[in-house]
Amino acid sequence: MTSILRQIININKTTRIGSLITYKQFLSSKSDDPIQSHIGKLVKGNKIVVFMKGVPQAPRCGFSNAVVDILNIHKAKFEAHDVLSDENLRNGIKEYSNWPTIPQVFIDGEFIGGCDIMLELHRSGELDKILDKNIQEKPVA
1 MTSILRQIIN INKTTRIGSL ITYKQFLSSK SDDPIQSHIG KLVKGNKIVV
51 FMKGVPQAPR CGFSNAVVDI LNIHKAKFEA HDVLSDENLR NGIKEYSNWP
101 TIPQVFIDGE FIGGCDIMLE LHRSGELDKI LDKNIQEKPV A
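Residue numbers for the sequence shown follow the UniProt record's numbering, beginning at 1 and rising by one.
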């Protein structure tokens, strides 16, 4: 009976170790992916980043247009990236944020959300607080 118990314990240890190795491999493979690395640099290197369909001067969907309008109302400077011009970027940003839709807004390296969340933050006044906090914490150099 003791040997069966030891076998079960060893199986559990192996499974846990195997899962841990798999998870670590997953994390390293994600960071080794050039598009994920590129997106990470964009997100971390800019105060506000919008991954959208089209460009701010010519959005190619209503949701992207709404996000641009909201940021413009708040006079927020942001960097935009057109996901329609780069399929790798379009698929990569969805994987990076684990969010299936475009546009996607990142402020101070943090994923905020898409159009619906930005609209709610704008309506509630929370976006002002987020943007003010961002400006105060990270002054423009």
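Backbone N, C-alpha and C define an ideal beta-carbon position, used for all residues, glycine too.
Keep in mind that this is a model prediction, so the values were computed, not measured.
Three-state secondary structure (DSSP) at residue i?
i: PRO59; result: strand
i: HIS122; result: helix
i: ASP82; result: strand
i: LEU131; result: helix
I'd like the list of long-range same chain contacts for residue i, defined as Cβ closer than 6 Å, with 5 residues on each side in sequence excluded.
i: HIS81; result: PHE51
i: VAL43; result: VAL49, PHE106, GLY109
i: ARG90; result: VAL83
i: ASN72; result: none
Taking the continuous beta strand (DSSP E) assigned at residue i, which residues delimit it?
i: GLY113; result: 110-113
i: ILE48; result: 48-52
i: ALA76; result: That residue, ALA76, is in no beta strand (DSSP E); it is neither H nor E in DSSP.
Taking the continuous alpha helix (DSSP H) assigned at residue i, which residues delimit it?
i: VAL43; result: 34-45
i: ILE102; result: Taken as a continuous stretch (DSSP letters only), ILE102 belongs to no alpha helix (DSSP H), as it is neither H nor E.
I'd like to check one pair, residue j with residue i: are the Cβ atoms closer than 8 Å?
i: LEU84; j: GLY54; result: yes
i: ILE48; j: PHE78; result: yes
i: PHE63; j: GLY114; result: yes
i: SER124; j: PHE111; result: no
i: PRO34; j: VAL67; result: no
Given residue i, which residues of its chain have a CB within under 7 Å of its CB, disregarding the five upstream and five downstream residues?
i: ALA76; result: ILE48, LEU131
i: ASN65; result: PRO59
i: ASN46; result: GLU79
Might you give, ordered along the chain, the residues of its own chain that have their beta carbon closer than 8 Å to the beta carbon of residue i, omitting 5 neighbours on each side?
i: HIS74; result: HIS122, LEU127, ASP128, LEU131
i: PRO100; result: LYS94
Kindly examine the ligand GTP and report whether one of its heavy atoms sits closer than 7 Å to the Cβ of residue i.
i: ASP33; result: As far as ligands go, the structure on display features none, and thus does not contain the ligand GTP.
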